[in-house]
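Since the structure comes first, as structure tokens, the remarks are kept for the end.
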Amino acid sequence: MMPPRATYRLQLNKDFTLAHAKALVPYLDQLGVSHAYLSPILKAQPGSTHGYDTVDHTLINPEIGTIEGFRTLASALKARGMGIILDFVPNHMGVGGSSNWLWLDLLRHGPASRYADWFDVDWNPPHPGMAGKLLVPFLGTTYAEALANGDISLKVDDDGFAVWAYDKEKLPLRPEDNALLLKQYKTPEAAILDYALPEKLHQLIARQHWRLAHFATAQDEINYRRFFINNELAGIRIDRPAVFDHAHKLIFLLIAEGLIDGLRIDHIDGLLDPLGYLKTLQAQSPKPIYLAIEKILAPHEYLRPEWPVDGTTGYEIGAELTRLLTQKCGEAQVTAIYDAFVGPTPSPQEEAYDCKLRVMDNELAVELNNLGRRTAHLAWSVPATADLTEQALRRAWREVIAHLGVYRTYADGDGLASRDRREISLAVARARRSQPQIQPAVFAFIEGILFGTLSKDYDTDSSADIIGGFQQFTGPVMAKGLEDTALYRYNRLVSLNEVGAHPDRFSRSVASFHDSNIRRLRHHPNCLVSTSTHDTKRGEDIRLIIAAIADEPDRWGRALAEWRSALGHEADRIHPNDLYLLFQLLLGGWPIASTTDDLAARLKGAMTKSLREARQRSDWGVNNLVYEKQIGDLVDSILTNTAFLTSFNAVRKTYEEIGRRKALIQLTLKCTIPGIPDIYRGAEDWEQSFVDPDNRRALDFSFLQNRLSQPQVGRDDKLVMTQRLLALRRDHPRLFAEGSYTPLQMGSDCLAFRRQHGELALTIIADLSPGHRDQLPDHFNDGKVIIGSANGPVLVVMSGLGP
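Residues in the sequence shown are numbered from 237 upward in steps of one, following this note's numbering.
Below you can see the structure in the form of structure tokens.
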């Protein structure tokens, strides 16, 4: 199996179907990619915009097409020498609604369902009366209010009687209750009429294998594993052979037919045994496939060389590129400007720690409680640790997890690898220092579980369950605590606040960037190289325009004072940290190659999501609509305030020019360093999306295709350079797939390296000077300049091409 040469990510949904993808094949070929990289294609919840809420693994999502439509797309790609990489979700399914027949069977039969062990359910939770029941936290009000308001009702369909909430959530009755109603009433309609009385309907509901509740109960009482804190995405036990076989049957059929060349595995860290899953996947795949995993690495962490994958989806490389192009010399001044504007703020490390604690005390409290309870039961089973209390163990787990520096560890039947042991040892040591009032024996017991050093008196299965629960819990804590809370609070330079990145890492040296590329070439040369994805919080070019602030921080400091003054009292109503974020988003998001017609709506959406994710002045659970409206009103005012716009546009043009030059450097590096460049839909052009769902908004591909055919200098520079770089990869595939990587020294403000395969050599030289002062050599004797010029930001030079 030949790995991809370059991939192009497409987001499929009812508005962009397999047929739309097929119509785009000539454009993708013209652009120069080798593979269409598709979002999940299996049947999802109706109206899904992303496909990660699979409800049926045996069907193609009818909203995007049919299996014949998929075959047609694959055939159109194959005719041009192209293929398909497919996103696949093994961790969870979409639940709620009425489309997931596995979930409906679970609700109908409870623990007796043949699928009871397919989902990760605790059938014996501590809440009274919940034994054998599943909490269904899908109500927007309390259960009592929903019942009294008529939002809950009895209905009948071909599957029998079911309770429905809001005419959307289907909750089947137990078989015995279904039979009883059919026996008692002459017609189904009579039963429905009789059970319109809230008191009688409640009596029926109380007997079921489910408990319908307000969504806020989930954080304290949910008894099924979720994807992070999303109640409508329930974890499945892909480690069970029956579940694995069911979930992969259609995917393996498509692979066997030669329609799929590779898979991208979503959220690998959510699985109980990621390595075991990957080994099984490789062993059972009907053909060899390219395999990339969504694995978010800490800044000091590397993908494990023993994992049978080609690489990650490349989030960490995108973070590296942003930092490479962020000026270290501007860090102190940018930090001082932020502190002066906003006031005292916690450090990034303190913010991440506090936010991880916050999410464990709130949205993920039930998972932490379960971990403490299960650990206490194990401790109480042996006299030596019978005095350890559940609350002490819970507090200790909370502290250890808050101090863990990676998403998760990977203990298995062989124990812990040294790198995992080191991470856990550091976390426990930090926890001991920060919480000296917790008895040392409590931390010692947790260490004994994780390190596998407990005596034989303890039940090994219980220990393994606790380790598995711990490892599946730390990822959501990191994701929700750092990525989805702390990164929306510390706004010093929001270009640094991305998935797989830590905002305390301001810049990256040329030497460390070279080391990273050499390591990747040695261990995972076919890793994806991503700069924008459906997960990134800001598009790649927004990030680099914002990063340009560090090139000229003086100008930024003066601009902030002018802008705040121009806005007057309207700005005074907004918290300075939110205002600071808004100014950065406006600077980076001002469209380069299109109009500003929808900018206000997009900015309002991005700011609202940012406020709720930060969980300080608004929240997802309790919205502060008054404050959110004040932000929205300010956005409208900004875009009509002449004094503000005059100052803003003068400053914007400087940073936009620096950012554009950085963008062309990033694009060149992305397409020439070891790895496989992945282009997110539309990012071949200036990519200035805000956080999702803005980065899934509709694109005018015909406009892009026309511009690629008849480009204009300036407006279409990135689009044209993308095509030229991908053509270079197409013309010399072995150079990029197998070529060596050698760092070159060309001055303190230049990044340079050579890729070589046989007599063919490629040299890249990029100007990294502050403000890009044209530090490139004005001539180059060792080859032919393929892309760039002496007054541009980057040169691509080739030698060994022959006459």
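Here a beta-carbon is modelled for each residue, glycine too, at the ideal position from N, C-alpha and C.
Item: Mind checking whether Ser752 and Thr562 have CB atoms under 8 Å apart?; Value: no
Item: Can you list, in chain order, the residues of its chain with a C-beta nearer than 8 Å to that of Arg473? Leave out the 5 residues immediately preceding and following it.; Value: Asp353, Trp354, Phe355, Asp356, Val479 and Leu508
Item: Leaving aside the five residues before and after Val644 along the sequence, list all residues of the same chain whose C-beta is less than 7 Å from its C-beta, in chain order.; Value: Per the sequence presented here, residue 644 reads as Arg, with Val not at that position. Same-chain partners within the cutoff: Asp505, Gln707, Thr710 and Gly711.
Item: Out of Leu469, Gln852 and Val570, point me to the one whose CA is closest to Pro326's CA.; Value: Leu469
Item: How would you write the range of the beta strand (DSSP E) that Gln281 sits in, first residue to last?; Value: Gln281 -> no beta strand (DSSP E), and no H or E assigned at all.
Item: Tell me where the beta strand (DSSP E) around Phe742 begins and ends.; Value: No beta strand (DSSP E) holds Phe742; DSSP gives it neither H nor E.
Item: So what does DSSP say about Asn466, is it helix, strand or coil?; Value: strand
Item: Work out the CA separation of Ser670 and Ile778 for me, nearest whole Å.; Value: 38 Å
Item: Quickly, what does DSSP pair Tyr460 with across the bridge? List them, please.; Value: Val357
Item: Going along the chain, which residues of its own chain have a beta-carbon closer than 6 Å to the beta-carbon of Pro582, five neighbours each way excluded?; Value: none
Item: For a test of the three-state rule: what should DSSP assign to Ser873, helix, strand or coil?; Value: helix
Item: If you run the structure through DSSP and keep just helix, strand and coil, what is Ser1035?; Value: strand
Item: Just checking Cys986 against the ligand ADP - is the residue's beta carbon closer than 7 Å to any of the ligand's heavy atoms?; Value: Because no ligand of any kind appears in the structure shown, any question about the ligand ADP cannot be addressed here.
Item: Where do the ends of the beta strand (DSSP E) carrying Met329 lie?; Value: His328 to Gly330
Item: Where does the unbroken alpha helix (DSSP H) through Phe709 begin, and where does it stop?; Value: Thr696 to Met714
Item: Determine the extent of the beta strand (DSSP E) in which Tyr916 is found, giving its start and end residues.; Value: Ile912 to Tyr916
Item: Residue ranges of each beta strand (DSSP E) run of no fewer than 3 residues wholly in the stretch 287 to 314, ordered along the chain?; Value: 290 to 296
Item: If you draw a straight line from the alpha carbon of Gly301 to that of Gln820, how long is it in whole angstroms?; Value: 40 Å
Item: Classify Asp623: buried if its beta carbon has 16 or more other beta carbons within 10 angstroms, exposed otherwise.; Value: exposed
Item: Run through DSSP, which three-state label would Glu920 get?; Value: coil
Item: Quick one, are the C-beta atoms of Asn459 and Pro364 less than 8 Å apart?; Value: no
Item: Gly705 to Leu539, Cα distance in whole Å?; Value: 22 Å
Item: Nearest CA to the CA of Leu796: which residue from Ala555, Gly911, Leu757 and Ile573?; Value: Ile573
Item: Let's test the definition: count the other Cβ atoms within 10 Å of the Cβ of Arg476 and tell me whether it reaches 16, buried, or not, exposed.; Value: exposed
Item: Enumerate, from N- to C-terminal direction, the unbroken alpha helix (DSSP H) stretches of 4 or more residues contained entirely within the stretch 752 to 802.; Value: 776 to 783
Item: Can you tell me which of the three DSSP states Ser984 falls into?; Value: coil
Item: Identify which residue in Gly950, Asp872, Trp826 and Met957 has its Cα closest to the Cα of Gln924.; Value: Trp826
Item: Under 8 Å by Cβ, that's how I've got Ala192 and Leu448 pegged, so tell me the actual separation to the nearest angstrom.; Value: Because the chain here runs from 237 to 1039, residue 192 falls outside it and cannot be looked at.
Item: In angstroms, rounded to a whole number, what distance separates the CA positions of Asn598 and Gln852?; Value: 14 Å
Item: How about Ile320 and His271: are their beta carbons less than 8 Å apart?; Value: yes
Item: Comparing alpha-carbon positions, which option in Leu418, Glu849, Trp543 and Ile465 lies nearest Asp393?; Value: Leu418
Item: What three-state label does DSSP hand Arg559 in the structure shown?; Value: helix
Item: Tell me, to the nearest whole angstrom, how far the beta carbon of Lys314 is from that of Ile296; I am working on the premise that it is less than 8 Å.; Value: Between Ile296 and Lys314 the Cβ distance is about 18 Å, and since that is not below 8 Å, they are no contact.
Item: So, are the CB atoms of Phe989 and Pro979 less than 8 Å apart?; Value: yes
Item: What's the call for Phe463, buried or exposed, on a 16-neighbour Cβ count within 10 Å?; Value: buried
Item: Taking the alpha carbon of Ile525 as the point to measure from, which residue in Leu847, Asp456, Asn762 and Ile867 has its own alpha carbon closest?; Value: Asn762
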